[in-house]
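S.K.:
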Amino acid sequence: MAYRIFQGCPSDLPWTFSACYPPKLFFPGGGRSILPDFSMIGTFMGHKGAVWQARLSSDATIAATAAADFSAKVWDTHTGECLHTLQHAHIVRAVAFPMQANPQILATGGMEKKLRIFDLSQSGTSSTSSPTSPYGPTGANGVSGGSASTPMTSFEIGPGVHGGTIKSIIWNQDYNIITTACEDRKIRWWDLRSRLPFVEHTVDGTIGSCELNALSTSPNDPGILSVAAGKSAYFFDGTSPGRLFRKVDFKYEVASVAVNKQTGRFVTGSVGDTWARVYDLETNEELEVQKGHHGPIWSVSYSPDGKLYGTGSEDGTIKLWKACREPYGLWR
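Going by the UniProt record's numbering, the sequence shown opens with residue 1, and the numbers climb by one from there.
(1) Would the region 48-62 count as touching the region 98-106 if we require 3 or more Cβ pairs under 8 Å?
(2) Who does L308 pair with in a DSSP beta bridge?
(3) Kindly list the residues whose CB is nearer than 8 Å to the CB of G264, restricted to its own chain and excluding five residues on each side of it in sequence; keep chain order.
(4) Rounded to the nearest angstrom, what separates W75 and G110 at their Cα positions?
(5) Looking at the secondary structure, which residues open and close the beta strand (DSSP E) in which K113 lies?
(6) Taking its Cβ as the centre, do 16 or more other Cβ atoms sit within 10 Å of Q122, making it buried, or is it exposed?
(7) Work out the CA separation of S240 and residue 344 for me, nearest whole Å.
(8) Count the other CB atoms within 10 Å of the CB of K73; is the residue buried (16 or more) or exposed (fewer)?
(9) Using the beta-carbon count (16 or more within 10 Å), is F198 buried or exposed?
(10) Would you kindly work out how many angstroms separate the C-alpha atoms of I117 and L330, rounded to a whole number?
(11) Taking the alpha-carbon of P296 as reference, which of T268, A258, A68 has the nearest alpha-carbon?
(12) Which term fits H162, buried or exposed, when burial requires 16 or more other beta carbons within 10 angstroms of its beta carbon?
(13) Roughly how many angstroms lie between the CA atoms of V259 and Q87, to the nearest whole one?
(14) Over what stretch of residues does the beta strand (DSSP E) that includes V271 continue unbroken?
(15) Go through its chain and collect everything with a Cβ distance to N287's Cβ below 8 Å, but skip five positions before and after it.
(16) Assign A60 to one of three DSSP states: helix, strand, or coil.
(17) Compare the beta carbon distance of A67 and V92 with 7 Å and say whether it is the shorter of the two.
(18) I'd like to know whether the C-beta atoms of N176 and L196 end up nearer to each other than 7 Å.
(19) Taking DSSP's pairing of strands, which residues face T180 in a bridge?
(20) Cβ atoms of G238 and P219: under 7 Å apart, would you say?
(21) Please state whether DSSP places E282 in a helix, a strand or coil.
(22) Hey, how far is the Cα of T180 from the Cα of S216?
(23) State the Cα-Cα distance for the pair L56 and W171, rounded to the nearest angstrom.
(24) Starting from D174, follow the beta strand (DSSP E) in both directions and report where the run begins and ends.
(25) Assign V300 to buried or exposed, taking buried as 16 or more other Cβ atoms, counted over all protein chains shown, within 10 Å of its Cβ.
(26) Under 7 Å, do V254 and A228 count as touching if we go by C-beta distance?
(27) Using DSSP's beta-bridge definition, name the partner residues of F236.
(28) Within the continuous beta strand (DSSP E) that includes R93, where are the two ends?
(29) In angstroms, rounded to a whole number, what distance separates the CA positions of G30 and E326?
(30) I need the straight-line Cα distance from L83 to F44, nearest angstrom please.
(31) Please say whether F245 and K231 have beta carbons closer to each other than 7 Å?
Encoded structure:
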């Protein structure tokens, strides 16, 4: 189970997008700062296994999902149509688009231990492998009349390098650089031109989350890469791949972390309790403790404008928390 929150910022307004089990995708919110009833505006149907991750393109026109049915799917967010079904030989845990409007490529990774790049602009061509699904043929059935799985041109980056499941993929602001977080406890930065890792960093525990934190208010800022692993949160400089500028240790297992560079605060969720904690990035002082969930918080993310953050929990809920002093949406 996984939740992705505030992925994409159409017209600088937040959308909430979640992945879950049973295998369907919801995309509530969007179009206004916060809808009064937080109405669900659509559901993507088609996966036959738990959806581990969901991502929106930077312009929110298409979405990608990674699932336990051995497939990744690409969706039209306006119509709900499944545009592509990309079959793999094992569970897909991570997907990523480059930071551009209408992206034509997608990165995938998972329990195959393979980082793949798919060319979405081409169809009808052979793929680099012929994986099969344990659930049988998986059609692109996001809407009625969907076609079968789309043969797609793809290539693998760094064969044999990953020593475990790829849990997260991040496309950096530099189009040629991708970051992966792997079950072998390594964060790797890859140069797509050479298809080789040029920096790697070993963390001390099991990786819970790995996300690039950037705000729409600072479009030229490459952001901060935040990693939750074991009992620590790691913060890497987005301008210098692999440069760790802060590591914060805790007494609890960290499941997720997100940082707001503008306010100098970061939020964590933990494995062992149900609270979201807010800290000062410079002093590491605990500033707030948010209570309300009834299960571990596996995902945390700030909104594109940094004035809200969302938490996704094992209790089956997403909660939004105000992160600014001034009135915002329904908050006064």
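Glycine included, every Cβ here is placed at the ideal spot set by N, Cα and C.
M.R.: Walking through what the data contain:
(1) yes
(2) Along the sequence shown, one-based indexing puts residue 308 at 308. Partner(s): K322.
(3) Along the sequence shown, one-based indexing puts residue 264 at 264. For G264, where only same-chain residues beyond five positions count, the Cβ hits under 8 Å are D280, L281, E282.
(4) For the purposes of this step, residue 75 is taken as residue 75 along the sequence shown, with counting starting at 1. For the purposes of this step, residue 110 is taken as residue 110 along the sequence shown, with counting starting at 1. The straight-line gap from Cα to Cα measures roughly 19 Å.
(5) Taking the first residue of the sequence shown as position 1, residue 113 is located at position 113. No beta strand (DSSP E) contains K113, which DSSP labels as neither H nor E.
(6) Sequence index remark: in the sequence shown, residue 122 carries index 122 (1-based). Exposed.
(7) Summary: the structure shown does not reach residue 344, with the chain confined to residues 1 through 332, and so no result is reported for it.
(8) As a first step, residue 73 must be located in the sequence shown, where it is residue number 73. Classification for K73: buried.
(9) In the sequence shown, counting from the first residue as 1, residue 198 sits at position 198. F198 comes out exposed.
(10) Here residue 117 corresponds to residue number 117 of the sequence shown, with the count starting at 1. Here residue 330 corresponds to residue number 330 of the sequence shown, with the count starting at 1. So the alpha carbons of these two residues sit roughly 41 Å apart.
(11) Taking the sequence shown and counting its residues from 1, the one referred to as residue 296 is at position 296. For P296, the nearest C-alpha among the options comes from T268.
(12) Locating residue 162 in the sequence shown gives position 162, counting from the first residue. H162 is buried by the Cβ-count criterion.
(13) For the purposes of this step, residue 259 is taken as the residue at position 259 of the sequence shown. For the purposes of this step, residue 87 is taken as the residue at position 87 of the sequence shown. When rounded, the distance between both Cα atoms is 34 Å.
(14) Locating residue 271 in the sequence shown gives position 271, where the first residue counts as 1. Note, V271: premise wrong, no beta strand (DSSP E); not H, not E.
(15) For the purposes of this step, residue 287 is taken as residue 287 along the sequence shown, with counting starting at 1. Reading off the sequence shown, one finds Leu at residue 287, where the question assumed Asn. Hits under 8 Å: R265, V278, Y279, D280.
(16) The count along the sequence shown starts at 1 and reaches residue 60 at position 60. If DSSP states are grouped into helix, strand and coil, A60 belongs with coil.
(17) Here residue 67 refers to the residue found at position 67 of the sequence shown. Here residue 92 refers to the residue found at position 92 of the sequence shown. Contact: yes.
(18) Here residue 176 refers to the residue found at position 176 when the sequence shown is read from its first residue. Here residue 196 refers to the residue found at position 196 when the sequence shown is read from its first residue. No.
(19) On the sequence shown, position 180 is the one that residue 180 refers to. Answer by DSSP bridge pairing, in chain order: I169, R188.
(20) The residue you call residue 219 lines up with position 219 of the sequence shown. The residue you call residue 238 lines up with position 238 of the sequence shown. Cβ atoms of P219 and G238: not closer than 7 Å.
(21) The residue you call residue 282 lines up with position 282 of the sequence shown. Three-state result, E282: coil.
(22) Along the sequence shown, one-based indexing puts residue 180 at 180. Along the sequence shown, one-based indexing puts residue 216 at 216. The alpha-carbon atoms of T180 and S216 are separated by roughly 23 Å.
(23) The residue you call residue 56 lines up with position 56 of the sequence shown. The residue you call residue 171 lines up with position 171 of the sequence shown. The alpha-carbon atoms of L56 and W171 are separated by roughly 12 Å.
(24) Counting from one through the sequence shown, the residue named residue 174 turns up at place 174. No beta strand (DSSP E) contains D174, which DSSP labels as neither H nor E.
(25) As a working note, residue 300 is residue 300 in the sequence shown. Answer is buried; the Cβ neighbour count reaches 16.
(26) Within the sequence shown, numbered from 1, the residue matching residue 254 stands at position 254. Within the sequence shown, numbered from 1, the residue matching residue 228 stands at position 228. Yes, the Cβ-Cβ distance between V254 and A228 is below 7 Å.
(27) Within the sequence shown, numbered from 1, the residue matching residue 236 stands at position 236. In the DSSP output, where bridge partners are listed per residue, F236 has L225, L244.
(28) The sequence position of residue 93 within the sequence shown is 93, counting from 1. Its beta strand (DSSP E) spans residues 92-96.
(29) Against the sequence shown, residue 30 aligns to sequence position 30. Against the sequence shown, residue 326 aligns to sequence position 326. Per-residue confidence for G30 stands at a pLDDT of 37, beneath the threshold of 50, marking its modelled position as unreliable; the derived number appears in the next sentence. The straight-line gap from Cα to Cα measures roughly 21 Å.
(30) If you number the sequence shown from 1, residue 83 lands on position 83. If you number the sequence shown from 1, residue 44 lands on position 44. Approximately 11 Å between the Cα atoms of the pair.
(31) In the sequence shown, residue 231 corresponds to position 231, counting from 1. In the sequence shown, residue 245 corresponds to position 245, counting from 1. Their beta carbons are not under 7 Å apart, which means K231 does not touch F245 by this criterion.
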